[in-house]
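**Q**
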Amino acid sequence: MPASPRESSVKPERMMMQMRTRLTELTRPLRRPAIVLVVALMSPYACAAGDHDADLDMHQADDALPIMQAKHTDAPVNIDGVLDETVWQDATAYPLALAADRARSGATVQEAGTVKLAWDDENFYVAIEFTESDIVAEGDEDQLPHFQLGDLCELFLRPQDQTWYWELYVTPRGKKTSYWFPGRGRFGLPSNFKYDCGLRVAAQTDGTVNDWQDRDTGWTAEMAMPIKDLTLGGQLFEPGADWRILVARYNYSRYRVERGPELTMSPAMSATNFHLLEDYARLRLTR
Ligand SMILES: [Ca+2]
Ligand SMILES: [Ca+2]
3 MPASPRESSV
13 KPERMMMQMR
23 TRLTELTRPL
33 RRPAIVLVVA
43 LMSPYACAAG
53 DHDADLDMHQ
63 ADDALPIMQA
73 KHTDAPVNID
83 GVLDETVWQD
93 ATAYPLALAA
103 DRARSGATVQ
113 EAGTVKLAWD
123 DENFYVAIEF
133 TESDIVAEGD
143 EDQLPHFQLG
153 DLCELFLRPQ
163 DQTWYWELYV
173 TPRGKKTSYW
183 FPGRGRFGLP
193 SNFKYDCGLR
203 VAAQTDGTVN
213 DWQDRDTGWT
223 AEMAMPIKDL
233 TLGGQLFEPG
243 ADWRILVARY
253 NYSRYRVERG
263 PELTMSPAMS
273 ATNFHLLEDY
283 ARLRLTR
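Positions 3 to 289 (the working numbering) are the ones given, in order, by the sequence shown.
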């Protein structure tokens, strides 16, 4: 458990701005309708219902949650944003989706993306591949509220038996941000945004960053979160450990008709609120 976050370069005015935005998100109703079950049954996610893994202490309420699998790798993962490692070729590609309430109203994903997961004895890894018409990344430092500054991949992780969770970013320019919340009820406090850890990220872009006049193709990225940071509170990070995960995307684009960025996620949530912890997928670590 990160008890003494190191100081970071977060600017107070930006911190306040992001706090207001995030608090607005949190005031949305927390709910978990049956639509989650429908999402859970869609490929490629496995579903906890019917799963008989004795290592997993399943709660009845978790049975409808999708599962996202991360396979162990013995080969090095080079965090360069290039997804040429064998582990990525073998990993399940989880598609980004809209939240279920938006999908029900007829909205469709404008620009597709996929998420892949892996782990080794040192790190938990995420690889993303996002189709992009307009790559935007106006933040040029780490530890900024990049969701207000451009395109973004956000990784959320939490141990099921605890209240705390992580929010970790990678931008198309390879910038990173690390937030840590002791619990949803302490969300928005300045200390949440001063968290520092060993997160490493890298990205590759196919297109021109911050040039709205042309049309871009996409970006890829890799994230490596040290397991020692995730397990400071005493949780295990190994097969059978009960962790929850969400990978989400902000996608700003000149070509988007609707106002503001497109928000997509894996797994699909019941509503577009990345702090709906109850909607996160169950992370299955396998060897
Ligand atoms: Ca790589
Ligand atoms: Ca974009």
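Yeah, the Cβ is synthetic: ideal placement off N, Cα and C, and Gly gets one too.
Between Ala243 and Pro161, what straight-line distance do the alpha-carbon atoms span, to the nearest angstrom?
**A** Using only the alpha carbons, I get a separation of about 8 Å.
**Q** How many angstroms separate the CA atom of Thr266 from the CA atom of Pro192?
**A** Distance between the alpha carbons of Thr266 and Pro192 is about 27 Å.
**Q** Is the closest heavy atom of ligand 2 to the C-beta of Glu113 under 8 Å?
**A** The answer is yes for Glu113.
**Q** Just to check my reading of the structure: Val117 and Tyr96 have Cβ atoms closer than 8 Å, yes? What is that Cβ distance to the nearest angstrom?
**A** That pair is a contact at about 5 Å.
**Q** Would you check if the distance between the CB atom of Trp168 and the CB atom of Leu154 is smaller than 9 Å?
**A** Not a contact, by the Cβ cut-off of 9 Å.
**Q** Around the Cβ of Val38, are there at least 16 other Cβ atoms within 10 angstroms (buried) or fewer (exposed)?
**A** A caution first: Val38 carries a pLDDT of 38, below 50, which makes its placement in the model unreliable, though a value can still be read off. Its Cβ being crowded by 16 or more others within 10 Å, Val38 is buried.
**Q** For the region 195-202 against the region 210-223, do three or more pairs of beta-carbon atoms, one drawn from each stretch, fall closer than 8 Å, so that the two count as touching?
**A** Touching, no.
**Q** Under a three-way DSSP split, which group does Ile229 fall into?
**A** Three-state DSSP puts Ile229 in a helix.
**Q** Closer than 8 Å: is that where the CB of Tyr171 sits relative to any heavy atom of ligand 2?
**A** False, no ligand heavy atom lies under 8 Å from that Cβ.
**Q** Distance, Cα to Cα, Leu285 vs Val249?
**A** Using only the alpha carbons, I get a separation of about 11 Å.
**Q** So the beta strand (DSSP E) Arg284 belongs to, where does it begin and stop?
**A** Taken as a continuous stretch (DSSP letters only), the beta strand (DSSP E) holding Arg284 covers 283-288.
**Q** Would Gly152 pass as a contact of Tyr254 if the rule is Cβ separation under 9 Å?
**A** Contact flag set, yes.
**Q** Nearest to Phe126 by CA position, among Leu278, Phe239, Gly190, is which residue?
**A** It is Phe239 whose Cα lies nearest to the Cα of Phe126.
**Q** I'd like the ranges of any beta strand (DSSP E) spanning at least 3 consecutive residues and lying wholly in the region 172-229.
**A** Correct list: 178-183, 202-208, 220-228.
**Q** Would you say the beta carbon of Val84 is closer than 8 Å to some non-hydrogen atom of ligand 1?
**A** Yes, Cβ of Val84 sits closer than 8 Å to a heavy atom of ligand 1.
**Q** Tell me which residues share the same chain as Phe149 and place their Cβ nearer than 6 Å to its Cβ, disregarding the 5 neighbours each side in the sequence.
**A** Here the set comprises Tyr252.
**Q** Write down every uninterrupted run of the beta strand (DSSP E) in the region 90-156 whose length is 3 residues or greater and which is fully enclosed by it, in chain order.
**A** Listed in chain order, they are 115-121, 125-133.
**Q** How far does the beta strand (DSSP E) with Arg251 in it extend, from its first residue to its last?
**A** Here the beta strand (DSSP E) through Arg251 covers 245-253.
**Q** Does Thr75 come out as helix, strand or coil in the three-state DSSP assignment?
**A** Thr75: coil per DSSP, three-state reduction.
**Q** Is any heavy atom of ligand 1 found at a distance shorter than 8 Å from the C-beta of Glu87?
**A** The answer is yes for Glu87.
**Q** Could you say if the region 226-240 and the region 130-140 meet the contact criterion of at least three C-beta pairs nearer than 8 Å?
**A** Cβ pair count under 8 Å is below three, so no.
**Q** Quick check on DSSP: helix, strand or coil for Glu280?
**A** Correct three-state label for Glu280: helix.
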